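Last residue of the sequence shown: number 195 in our numbering, and the count goes up by one each step with no gaps. Glycine residues also receive a C-beta, built at the ideal position from the N, C-alpha and C atoms. None of these values were measured; they are calculated from a predicted model. Below: the structure, in C-alpha cells.
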Amino acid sequence: MPPTLAQRLASSIRDVPDFPKPGVMFKDITPVLHDPALFAEVTAAMARPWQGKGITHVLAIESRGFLFGGPVAQHLGASLVPVRKAGKLPHTHVTEHYALEYGEDAVEIHSDAIDAKSLVLIVDDVLATGGTAAATRRLAHRLGAGVAGIAVVIDLAFLPWRRTLAGVQVETLVSFS
C-alpha cells in the first residue's frame, strides 16, 4: 500500500533542533514547498473539507500561512486576506492582541477586508498553542464575519491548541506527538 499523505508529510517535514530558541524542535515545511507535486496535494487536501461550504475569504496568517493560504483560496474560489503582524498593513486595520508563553503579540487585518456577509477559513502552517489562530478568529468576529473553521498542515498534538480552539472545526493533515 502506498504511503498516505500524512506519512509523506511526516517524512518530508524537517526537524530543526533549538530553533528559534534552545529546547524548541522546529518543524520546517520548506522541504514540502520544494516538492511541487506534494505542495499541490497538500493545498488541495487543505481545501477539500471546505469545498461547497460557501467560504468567501481565506484568512492566511503571517508568515508561513501565506504560503498555503493563497493556493487554498484559489481551490475554494475565495478571496485571500493576509493576517499580518502588528505594524505591517498600509491601510486602516483592526488589531487583536494575544498572549504568548513569554509575552504578548498582535495580529492585524484591514478593516475593509471582510464583513457580515463573509464566511472565512483561517489557514496557517502549524497549530501549537492556538493563540494566533484564536486571535485571528476574534478579528473575524469583530468585523462581523462568520468563521467556518481552521485548516493547517501540522498539528503539534503535545501542545494545548485543542483547549484554546474548543468548539471550532479544525482540519489538520499531519500530527506530531
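Proximity to residue i [Cα-Cα], best of the options
i: Asp143; options: Phe176, Pro178, Ile168 and His128; result: Ile168
i: Gln187; options: Val101, Leu161 and Ala152; result: Ala152
i: Val101; options: Arg26, Val60 and Ile132; result: Ile132
i: Glu80; options: Gln25, Ser29 and Lys106; result: Lys106
i: Met64; options: Thr190, Phe194 and Tyr120; result: Thr190
i: Thr150; options: Phe194, Gly70, Tyr120 and His115; result: His115
i: Asp36; options: Asp46, Gly70 and Ser129; result: Asp46
i: Gly83; options: Val141, His52 and Leu23; result: Val141
i: His109; options: His128, Asp173 and Val42; result: His128
i: Leu94; options: Val165, Pro20, Glu126 and Pro67; result: Pro67
i: Glu59; options: Gly148, Arg180 and Arg26; result: Arg26
i: Ala96; options: Leu118, Gly70 and Thr113; result: Gly70
i: Lys39; options: Asp53, Tyr120, Gly162 and Ala163; result: Tyr120
Exposed unless 16 or more other CB atoms sit within 10 angstroms - verdict on residue i
i: Gly34; result: Residue identity check: residue 34 is Val in the sequence provided, not Gly. With fewer than 16 other Cβ atoms within 10 Å, it is exposed.
i: Ala104; result: exposed
i: Leu183; result: buried
i: Glu122; result: exposed
Rounded separation between residue i and residue j - CA only
i: Leu98; j: Ala124; result: 20 Å
i: Ser30; j: Gly87; result: 20 Å
i: His111; j: Thr74; result: 19 Å
i: Val76; j: Lys135; result: 14 Å
i: Trp179; j: Met43; result: 17 Å
i: Arg160; j: Leu56; result: 36 Å
One or two residues paired with residue i in a DSSP bridge
i: Ile73; result: Its beta-bridge partners do not exist; DSSP assigns none.
i: Ile79; result: Val101
i: Glu114; result: Val125
Distance CB(residue i)-CB(residue j) smaller than 8 Å
i: Leu177; j: Ala158; result: no
i: Val138; j: Ala28; result: no
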